[in-house]
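Right, one structure below, let's go through it.
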């Protein structure tokens, strides 16, 4: 009953938080003053850490797994065995695979160069508003990326599916619901953003289940965010406009 009550609290609180976040993000998109933007960055940083890490601690305590980095959960072991049973290519096959893959990428880039430039161009997207515009915003955005890697993976990849498994007894259902919640938590990006986030969540889930390392998946998540908010805009500015990155953080 305690677990069911806590899940009801999380469902109600999560629904309220997502709706509030959608409204807040709409206000953030309209901001031009960097001081106002930095206040939003700081608020999101503190709130997301407090809410997700706090919910994770309570959920892991209820699931008898309050040691997330010490051992891989037994509940996830069947998924890990299923992924491991697929095997890996032998050493003799790695070289031709690498050469073939490199050649294929080079040919594709050469053929699709114009499309690649268009794809890299800084066009408005769901997350465009979050791209930092100066060094102070960049520092806060970097902290947001690192926090997302830690707190979101702790909750959506470990705590929530473990708690759901205690209730449903089905690992597949627990993982699927967790990925759905992960996507809905990014509803401020719109429905396309939700679908894209769910797809990213699925990849991160497979990565975690395969490597049995929560730290690895946290780092992978943080790297994805850094690529989205720093590296891609920098490449876009350099390739398309031949100018320094708009946020000029690394350049400094």
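Residue numbers (the working numbering): 4 to 255.
Cβ coordinates follow ideal geometry from the N, Cα and C atoms, glycine included.
Q) When the Cα atoms are used, what is the spatial distance from residue 78 to residue 212? A) 11 Å
Q | DSSP three-state assignment for residue 8, whether helix, strand or coil | A | Looking at residue 8 - three-state DSSP - the assignment turns out to be helix.
Q) What's the C-alpha gap between residue 74 and residue 215? A) Here the C-alpha atom of residue 74 lies approximately 9 Å from the C-alpha atom of residue 215.
(Q) Taking only three categories from DSSP, how would you classify residue 215? (A) coil
Q | Run of the alpha helix (DSSP H) containing residue 62, from where it starts to where it stops | A | Per DSSP, the continuous alpha helix (DSSP H) segment holding residue 62 begins and ends at 37–65.
(Q) Does residue 135 come out as helix, strand or coil in the three-state DSSP assignment? (A) coil
Q) Considering only C-alpha positions, which residue in the set 203, 33 and 22 is nearest to residue 160? A) 203
Q. Between the segment 229–238 and the segment 132–150, do three or more beta carbon pairs fall short of 8 Å?
A. Contact between the segment 229–238 and the segment 132–150 is present, because at least three Cβ pairs lie under 8 Å.
Q: Can you tell me the Cβ-Cβ gap for residue 41 and residue 139, rounded? I've got them flagged as a contact below 8 Å.
A: 6 Å
Q. With 16 as the cutoff for other CB atoms within 10 Å, does residue 218 come out buried or exposed?
A. With a 10 Å radius around the Cβ and a threshold of 16 neighbouring Cβ atoms, residue 218 comes out exposed.
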